Amino acid sequence: MDKPKKATFARAAARALADTQLRDNLRFATQSLRQKRLAVFDDPEATEALREIGSRIKARGLTRLPRLLEQLEARCQKNGIMVHWAETTEEANRIVLSIMEAHGARKVVKGKSMVSEEMHFNAFMKDHGKEALETDLGEFIIQLNNEPPSHIIVPAIHKNRKQIGKIFADKIPGTDYTEDTDILLATARRILREHYRTADIGLSGVNFAVAETGTLCLVENEGNGRMCTTVPPVHVALMGLEKVVETLDEVPPLYRLLCGSATGQRITTYFNMIKGPRQKGEKDGPKEVHLVILDNGRSRMLADPQLRQVLQCIRCGTCLNHCPVYTRIGGHAYNSTYPGPIGEILMPQLEGLDTKGELVFASSLCNACSEVCPVKIPIPELIRRMRNESYLKRGKGVIPGHGFKRNAVERVVWKGWRYSQTIPMLNWAMLKTLAIAGRILPNVGPLKAWTRVRTKPVFAKESLKQLTRQEGIRHE
Amino acid sequence: MTEFPQNPSTVYYFGTCLSDMIYPEAGMAGIRLLQREGVEVIYPSRQSCCGQPAYNSGFPDEARAVALAQVDAFSGSNAPIVVPSGSCAGMMRIHYPLLFEHEPDYFRVKRFSERIFELTSFLRHSLNATYTDKGPPVTLTWHSSCHARREMVCTEDSKALLRQLANVTLVELENEHECCGFGGTFSVKRPEISAAMVKDKVRDIQNTGASAFITGDCGCMMNISGHMESRKNPISGHHIAEFILERIHG
Ligand code: SF4
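Heads up: the protein sequence lines correspond to chains W and V, in order.
Residue numbering for the first sequence follows the working numbering, beginning at 1010 and increasing consecutively.
Residue numbering for the second sequence follows the working numbering, beginning at 21 and increasing consecutively.
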């Protein structure tokens, strides 16, 4: 059953690896993001201390999440923000649609929101005759080209300037090809300004929702987030339920961790704190603000102390930039809303191991991700957990679709391995067999995969066990 | 910070399954380096593998059974256990306690884990090993395994030992932080990605102009050298223990 999906990932990865332009773009962009991050986090001890704080804030929040969410709802309502709860992405889409319909709206401008990607919001809106327009520059580019984002922070990371110039020339009528960033930006700005002016609804994500005050914090660099949340008459904010924090005091360390990790900035160009609709006497701001809080499997994750750690994620994307797999194949090969290390531990929980389980095998467990994760999620440990669940008997696991990879061959192989490593006689026999017959092992299965780009390993005539005995090393 | 016992008279040696199967000389060299410092080395013959292959592949029950066999094999005394691999040492020191977190054997395993040391760190911090280079001038680069770097944090110790060798010029490797693509079963489960990674690693090694690369982990060595050999690349790979032993004997 998993065969076609497996082939899909392997094929997509192989295709990406063969695309030299893509490889160059990714190498260049991720390297520069890594360097920028390091320039901001240049003191290892201070960075470690900050990560520890970030990790504890998020972990602590998760231990009292239901209470914080209730508090957030009450505070927001007091501030005049209308709060909606969505258990599924379908529900979340319907909520936004009904808000639009209540206002006779047909056009929505969007700030960057990964939750909206999770909801496949744009496709849903299109199916319902509505127009959803991306205003984040990266998102704008890939929407022109009809592609999904390939990175959670830098959606068009897979494209270079020339390719973007070409997309503009091809897709925007009356635009000539140029590589001049200023001209490209001016073109985008001209188009977007018009959309802000004529949009009925502005949509945004949320980076931190403060329970104590009912404040929605939005981190961005282009000002498009501010436009989306202030110009149209109605603002709808989307958040995953893990985005709530307890107090305003918790925001600065998390904010520093987020901008340092994501873009190597000490502070972003814009930091929006939204506390409700336009008040009497105010000249601007939306007349209505809605907050949609999405579950989509998150409360199930919350129930498991290990899996819960995934909910600490602040979506900084730095694990992608440091992953030796992501930096070589890019985001599209994962065919998932969230690619890279965070995708590997999040997607199977959102969509089931049977659907997204192949992702958890796309890792060499090198720990590069957990070394930099600003909230210290032990990503490799979670990958191991998911691999284990992939083989568990039905009903023995907690992740939906667990056991999708269960098969007799691997079970027998690992059983055999276990006996060869726990029973000294068998270990001796195995080493002897390899020494004698290792050279003539048939080039099939794992050995075939190995020898595609490597020589066959040469098994030793005498094992270390024999050698130490001959050399008179004391055995015990 | 790891606390290193000072000048112990006896140590246990965990050779790793790869030195049993493929690189016995590398394993043996580690023993010789320890003996050279006047330490008695005991090699428990019931040892096998640290269990990492199963642990990383999603088979923790099998990994636990193999881990317990090691705990038993080394239970003769409380002597430190020296391991010539950052990866296997990381498995036994850091992952065993996680693997047994909810098991009745937890405390026994934890005590075992605290006795685990990586070879080059142990030579440097417990035994203050010093070396006199008798070999000809040579230019080398160092490849660190991911777990040596990020779990055992022993990379600086390995390099410090190499820097004692007067005729050795150590050139830093670009992208040294990056995985070589071995990752145990990863190399055969995701061969296309693993291949891209090892190719890049070999390119970086080649760019250093070194005639050989040194590493403290046989898994990486098998991967990188295996790729080099298949491309008829003349750069050779050596385990640090074997390399040092050769240099000090001239
Ligand atoms: S898992 Fe950590 S590093 Fe990756 S996106 Fe989330 S917070 Fe950032």
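All C-beta atoms in this analysis are idealised placements derived from N, C-alpha and C, irrespective of residue type, glycine included.
Given the structure is predicted, the values throughout are model-derived calculations rather than measurements.
Straight across, the Cα-Cα distance linking G47 of chain V with E1480 of chain W is about 12 Å. Rounded to the nearest whole angstrom, the CA to CA distance from S1379 of chain W to I1449 of chain W is 41 Å.
Your pair T1017 of chain W and N1344 of chain W checks out as a contact, with CB atoms roughly 7 Å apart and the cut at 8 Å. Taken through DSSP and simplified to helix, strand or coil, A1371 of chain W comes out as coil.
When the Cα atoms are used, P1261 of chain W and E1398 of chain W turn out to be separated by approximately 37 Å. The contact set of A1312 of chain W on chain V, defined by CB atoms closer than 9 Å, is empty, because the minimum CB distance reaches about 17 Å. Here E1231 of chain W is buried. Its C-beta has 16 or more other C-beta atoms within 10 Å. DSSP, read as helix, strand or coil, puts F1050 of chain W in coil.
In chain order, L1450, K1465 place their CB closer than 8 Å to the CB of L1456 of chain W, counting only its own chain and leaving out the 5 sequence neighbours on each side. In the three-state reduction of the DSSP assignment, C1328 of chain W falls in the helix class.
Between the alpha carbons of F127 of chain V and I1338 of chain W lies a distance of about 42 Å.
DSSP places T1346 of chain W in the coil class of the three-state scheme, outside both helix and strand. Nearest Cα to R1206 of chain W within the set W:L1368, W:T1144, W:G1089, W:S1270: W:T1144. If only uninterrupted beta strand (DSSP E) runs of at least 3 residues are considered, those enclosed by the segment 121-176 of chain V are 136-138, 158-163. Counting every other CB atom within 10 Å of its CB across the protein chains shown gives T1190 of chain W a total below 16, marking it as exposed. In the DSSP assignment, T189 of chain V falls within the unbroken beta strand (DSSP E) covering 188-191. For the alpha helix (DSSP H) assignment, the uninterrupted runs of no fewer than 4 residues enclosed by the segment 1079-1134 of chain W are, from N- to C-terminal side, 1098-1111, 1123-1127. Leaving aside the five residues that flank Q1086 of chain W on each side, the residues in its chain whose CB is nearer than 7 Å to its CB run, in chain order, V1092. Taking each of W:E1126, W:L1077, W:V1334 in turn and checking the Cα distance to T1256 of chain W, the smallest one comes out for W:L1077.
Here DSSP, grouped into helix, strand and coil, assigns S1213 of chain W to strand. Collapsing the DSSP output to three states places S97 of chain V in coil. Rounded to whole angstroms, S245 of chain V and C1322 of chain W show a C-alpha spacing of 38 Å.
For N1155 of chain W, the number of other beta carbons within 10 angstroms of its own is below 16, and it is reported as exposed. Not one heavy atom of the ligand SF4 falls within 7 Å of the beta-carbon of V1228 of chain W. Not one heavy atom of the ligand SF4 sits closer than 7 Å to the Cβ of G1214 of chain W. With respect to chain V, the C-beta atom of T1477 of chain W has a partner C-beta closer than 8 Å. Within 7 Å of the C-beta of P100 of chain V there is not a single heavy atom belonging to the ligand SF4.
Taking each of W:I1283, W:I1200, W:L1359, W:A1025 in turn and checking the Cα distance to H1167 of chain W, the smallest one comes out for W:A1025. Each of W:E1251, W:N1233, W:S1041 was checked against the Cα of E1079 of chain W, and the nearest Cα belongs to W:E1251.
Our two residues, D1136 of chain W and E1127 of chain W, have alpha carbons roughly 16 Å apart in a direct line. Relative to the ligand SF4, the nearest heavy atom lies less than 7 Å away from the CB of G1326 of chain W. Between S1159 of chain W and G1273 of chain W, the gap from beta carbon to beta carbon reaches 8 Å or more. The alpha-carbon separation between S95 of chain V and A1019 of chain W amounts to approximately 44 Å. Taking C-beta atoms under 8 Å as the contact rule, L119 of chain V and Y151 of chain V fail to qualify, at a distance of about 36 Å. Cβ contact annotation for G1406 of chain W (same chain, cutoff 6 Å, sequence separation greater than five): E1398, in chain order. When DSSP states are grouped into helix, strand and coil, N253 of chain V belongs to the coil group.
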